[in-house]
Amino acid sequence: MTHTILVNGSEQQLPDDPRVSILDFLREHLHLSGVKKGCNQGACGACTVLVDGDQRILSCLALAVQYEGRAITSVEGLAANGSLDPLQQAFIDHDGFQCGYCTPGQICSSIGMSAELRRGVPSHVTDDLSSETIALSHDELRERMSGNLCRCGAYNGIVAAIAESHSKANP
Amino acid sequence: MNPFSYTRAASAIEAIELGARPQAKYLGGGTNLVDLLRETLERPTALIDVSGLSSSIEELSDGGILIGASATNTAIAEHRVIRTRYPMLTRAIAAGASAQIRNMATAAGNILQRTRCTYFYDNAGSRCNKRSPGQGCDAMDGFNRNHAVLGASMSCVATHPSDMCVALAALGAVVHLQNRGGKRVLPLTDLHRLPEDHPGEETTLMSGELITAIELPALPMAARSTYRKIRDRSSYAFALVSVAAAIELEGDVVKDVRIALGGVAHKPWRAWRAEESLRGRVASAENFCAAAEAELAEARALRDNGFKIHLASRAIVAVLSALTGEESMGARA
Chain A
33 MTHTILVNGS EQQLPDDPRV SILDFLREHL HLSGVKKGCN QGACGACTVL VDGDQRILSC
93 LALAVQYEGR AITSVEGLAA NGSLDPLQQA FIDHDGFQCG YCTPGQICSS IGMSAELRRG
153 VPSHVTDDLS SETIALSHDE LRERMSGNLC RCGAYNGIVA AIAESHSKAN P
Chain B
680 MNPFSYTRAA SAIEAIELGA RPQAKYLGGG TNLVDLLRET LERPTALIDV SGLSSSIEEL
740 SDGGILIGAS ATNTAIAEHR VIRTRYPMLT RAIAAGASAQ IRNMATAAGN ILQRTRCTYF
800 YDNAGSRCNK RSPGQGCDAM DGFNRNHAVL GASMSCVATH PSDMCVALAA LGAVVHLQNR
860 GGKRVLPLTD LHRLPEDHPG EETTLMSGEL ITAIELPALP MAARSTYRKI RDRSSYAFAL
920 VSVAAAIELE GDVVKDVRIA LGGVAHKPWR AWRAEESLRG RVASAENFCA AAEAELAEAR
980 ALRDNGFKIH LASRAIVAVL SALTGEESMG ARA
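Protein chains in written order, with the numbering used here: chain A, 33 to 203; chain B, 680 to 1012.
Below you can see the structure in the form of structure tokens.
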């Protein structure tokens, strides 16, 4: 019996060793180096990828074998048709990075964040828990993206890129 | 990581059969366990993946809620009924970890996560009675700003890191358990142990016991409840001190109150004494203060964490004051 996982739309054989994380599977087995290993202990967000389209997770804490049959999207999967995702373009336009190491995680995380916001998932700074819709205020954006650290401190550009991309997608 | 086998359990029955083997360990979302495996602080030979078991969140006919053990932290926090009837639970979960981790972490895994005491994690360089019984505790005279002020022992001063569990303790949540010997229920406040002389024994779970669900009792007063967390940075950090509280007034008298503290002890700390001292008393700042002081009367400071005693006391007063102020239903405190 073969065990497979979908990575950026293509079916891949899962590793035999259950100790392999999704992060190491993508980087070392599939040579997808877009996803980054920052802390490898769930503290920095650099390894953020998407599961089943828009659910953001930390690939360093995910055993690949646990995600058999699921669809993983890394930053390489966002511009699959050759043109950048609008969010990627917004990061370029707003200087949303300096060294760029946290950027793939920031971008995947932001896509997951938008899905959570559409679903009305409350955050630590949401005042009214009964509200069905939550506006992406500056505070909401920063709180919801707090799982992605940027050691260069490019936060102002990151926030601007995500805010612009979000407002264009939700006029 | 040491080698282990991996099996995805198709049912709770299958899981407890596999989990009865020595050196087997249940795997939920992996957000703590994978890290512990990597650090070789956990060395199971078999992982039983239970993340595919029940993740439903059901309303019970008695007004309570039954949360499947594999429901993610996000799913619990965003649940419409939980947000309005048990806002302290949504607020506690939203205050913990990051969105990515909340998407992965399960309810049962959150309960069974282990301390983030840096001396416990420092496998190669520090002594730890939790990791190696009888070895000694380097936190005791070390950098212990984050450590416990209530219920600690000469063996261990580690804290339980969960936010969610603080709300569950205050709400009187009950945990559903199952092993080959049968099923039982246990109040969450009886699940975690204080360290005493055996800090490695962190729970009262029996051999191979699996958490299958968490039950929130019907508690109308919880609609007026909240969670306040104080930490070194405004997001994505463990609590220095946290407070979960609900209060019900009759006129200006406290009819009932629930209070639990996080970041101060080896377990989520239900503030029974503070609650007892407030029931039937006028809801005033003075009485809130007296209740907080009663709760913290036996608190003991280490070298660096004495601030937690005052902080916990003030946080209790602030949260109760906020809950009894104007327009306070489930608001952020």
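Think of the CB as a built atom: it goes at the ideal place given N, C-alpha and C, for glycine as much as any other residue.
Of all alpha-carbon atoms in Ser-106/A, Ala-167/A, Val-191/A, Ala-192/A, the one lying nearest the alpha-carbon of Pro-203/A is that of Ala-167/A. Per DSSP, reduced to three states, the secondary structure at Asn-823/B is coil, with no helix or strand assignment. Between Pro-118/A and Leu-173/A, the alpha-carbon positions lie close to 18 Å from each other. The shortest CA-to-CA distance from Met-767/B to any of Ala-918/B, Ala-756/B, Glu-721/B is the one to Ala-756/B. Contact annotation: Leu-739/B and Leu-732/B have beta-carbon atoms that are not nearer than 7 Å.
Secondary structure note for Gln-87/A: it is in no alpha helix (DSSP H), and the uninterrupted beta strand (DSSP E) holding it is 87-90. Residues of chain B whose Cβ lies closer than 8 Å to the Cβ of Ala-94/A are, in chain order, Gly-709, Val-713, Met-783. The way I'd put it, the segment 884-904 of chain B does touch the segment 844-860 of chain B; three or more beta-carbon pairs between them come closer than 8 Å. By the Cβ rule, the segment 62-78 of chain A counts as touching the segment 98-107 of chain A, because three or more pairs are nearer than 8 Å. Within the DSSP bridge table, the entry for Ile-692/B names no partner. Secondary structure at Val-828/B: coil, using DSSP grouped into helix, strand and coil. Following the DSSP letters along the chain, one finds Val-845/B in no beta strand (DSSP E) but inside the alpha helix (DSSP H) bounded by residues 843-850. Counting the other Cβ atoms within 10 Å of the Cβ of Pro-812/B gives fewer than 16, which makes it exposed. If you check the CB distance, Asn-180/A and Gly-77/A come in under 7 Å. Distance between Arg-51/A and Arg-722/B, taken at the CA atoms: about 12 Å.
Judged by DSSP in its simplified three-state form, Asp-125/A adopts helix.
Inclusion of Val-97/A and Tyr-705/B in the CB contact set at 7 Å is not warranted, their separation being larger than that value. Runs of the beta strand (DSSP E) spanning 3 or more residues and lying entirely within the segment 705-755 of chain B occur at 725-728, 736-738, 744-747, in chain order. Inclusion of Ala-689/B and Leu-889/B in the CB contact set at 7 Å is not warranted, their separation being larger than that value. Look at the beta carbons and you see the segment 829-844 of chain B touching the segment 789-809 of chain B: at least three pairs across the two are nearer than 8 Å.
The continuous stretches of alpha helix (DSSP H) do not include Tyr-685/B, which lies in the beta strand (DSSP E) extending over residues 684-687.
The C-beta of Gln-45/A comes no closer than 7 Å to any C-beta of chain B. Cβ-Cβ distances below 6 Å link Met-900/B to Ala-925, Glu-927, Asp-935 in the same chain, with the five nearest sequence neighbours on each side left out; the list follows chain order.
Going by DSSP, Ala-939/B is part of the beta strand (DSSP E) stretching over 932-941. About 6 Å separates the CB atoms of Asp-86/A and Ile-143/A; that is less than 8 Å, so the two are in contact. Asp-931/B has its alpha-carbon roughly 49 Å from the corresponding atom of Gln-73/A. Taking a beta-carbon distance threshold of 7 Å, Leu-161/A counts as an interface residue toward chain B. Taking a contact as a CB-CB distance under 8 Å, the pair His-871/B and Glu-881/B counts as one, their CB atoms being some 6 Å apart.
As DSSP reads the structure, Val-81/A sits in a beta bridge with Ile-89/A. Interface with chain B (7 Å Cβ-Cβ cutoff): Leu-64/A is excluded. In the DSSP assignment, Ser-992/B falls within the unbroken alpha helix (DSSP H) covering 986-1002.
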